[in-house]
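Going by this note's numbering, 65 is the number at position 65 of the sequence shown; the sequence numbering is gapless.
For each residue, glycine too, the CB sits at the ideal point set by N, CA and C.
No experiment lies behind these values; they were computed from the predicted model shown.
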Amino acid sequence: MKADFTRWLPAIAKNRTTALKVAGVACLGGLAFGPAAVAAPVTSGPHAGAVAAIDLATGKNRQGATVESGLTTGSATGKVPTGKPGKDKLIPHGVEGAQSRIPLDDEQLANAKAIVKTAKKTGVGERGAVIGVATSLQESKLYNLGHLGAYNDHDSQGLFQQRPSSGWGTPEEITDPEYSSRAFFEALKNVHGWEDLPLTTAAQTVQYSAFPYAYAQWEEQAADIVQQLW
């Protein structure tokens, strides 16, 4: 499938080395197969191991306490910072359903910056960046995850939990934030009319997740992150 997937992408530099810090957390609510146009069926929810990993990724321990972090993207003031995109570009269709929000540490913020930077390079603009950040918030809570053994969802790894066996790239490539972001955005650009789709539909068409509606809950926080970093 790697040969098939390369048709979706321009030439991408290979053999990049990345010092991958395995954070010891995983978000297994989504499963990134290859680029796909057919949504997977909805299932009842993540298995018990995934729930524990998601709690760790969101900063919760077994008692439900939250861990302090270096940055909390938070409250919208209603004012657009000078030179930053407004919500009309970031969330042109409004959010769908209840929204989730988590604090971000320095590692997560650095990964968000990498996604936004690659969104600019690939030409998907502010809206594409919001879709990318929201997708990573759902898939990995913006942690660049290596293989997590028993907690791993098949062979999914990286910011977008992409799978080498589905043609996304080698483990080294998909745990490179720039490569994985570029792979995601180039696949997104091949989704017809993605700019006009609801965020969760656009993300799901790329990711082919078992939880296709889970992406929607991160749209507001993703928009705030992109607005700050754009």
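Identify which residue in P198, E172 and W168 has its Cα closest to the Cα of A187. Relative to the Cα of A187, the nearest Cα in the group P198, E172 and W168 belongs to W168.
Going by C-alpha distance, which of S181, Y179, Q217 and S156 is nearest T200? The shortest Cα separation from T200 among S181, Y179, Q217 and S156 belongs to Q217.
Beta-carbon spacing of S180, Q207 below 7 Å: It is not a contact, given that the beta carbons lie outside the stated cut-off.
Taking the C-alpha atoms as reference points, what is the distance between Q138 and N190? Distance between the alpha carbons of Q138 and N190: 21 Å.
Please decide whether Q207 counts as near chain B, where near means a Cβ-Cβ distance under 7 Å. The question asks about chain B, but that chain is absent: this structure has only one protein chain.
Using CA atoms only, rank isn't needed, just tell me which of G193, I131 and E126 is closest to P85. Per the Cα distances, E126.
Looking only at its own chain, which residues have a Cβ that is under 7 Å from the Cβ of A98, when we skip the five neighbours before and after it? Around A98: Q217.
Of all the alpha helix (DSSP H) runs that stay within the bounds of the region 109-146, which reach a length of 4 or more residues? If one requires a minimum length of 4 residues, the alpha helix (DSSP H) runs lying completely within the region 109-146 are 125-140, in chain order.
Going by C-alpha distance, which of G146, G83, H93 and E219 is nearest D176? Comparing Cα-Cα distances from D176 to each of G146, G83, H93 and E219, the minimum goes to G146.
L159, DSSP secondary structure in three states: Coil at L159, not helix or strand.
Could you spell out where the alpha helix (DSSP H) holding S209 opens and where it closes? Careful: S209 lies outside any alpha helix (DSSP H) and carries neither H nor E.
Could you tell me the distance, in whole angstroms, from the CA atom of E173 to the CA atom of A202? In this structure, the alpha-carbon of E173 lies about 23 Å from that of A202.
Sequence-distant residues of the same chain with beta carbon closer than 7 Å to I131, five excluded per side: Excluding sequence neighbours, I131 sits near L188, L199, A202 and A203.
Write down the C-beta distance between Q215 and T135 rounded to the nearest angstrom, noting that I regard them as a contact closer than 8 Å. Gln is not the amino acid found at residue 215; the sequence shown has Tyr there. About 6 Å separates the beta carbon of Y215 from that of T135, a gap short enough to meet the 8 Å contact definition.
Suppose the cutoff is 7 Å on Cβ atoms and the five residues either side in sequence are ignored; what does the same chain contact list for A222 look like? Taken in chain order, the residues that qualify are V130, V133, A134 and L137.
Could you check what DSSP says for P103 in three-state terms: helix, strand or coil? Judged by DSSP in its simplified three-state form, P103 adopts strand.
May I have the straight-line CA-CA distance separating T205 from G123, to the nearest angstrom? Their backbone Cα atoms lie some 19 Å apart in a straight line.
Are the beta-carbon atoms belonging to V116 and E220 less than 7 Å from one another? Against a cut-off of 7 Å, the Cβ pair of E220 and V116 comes out as no contact.
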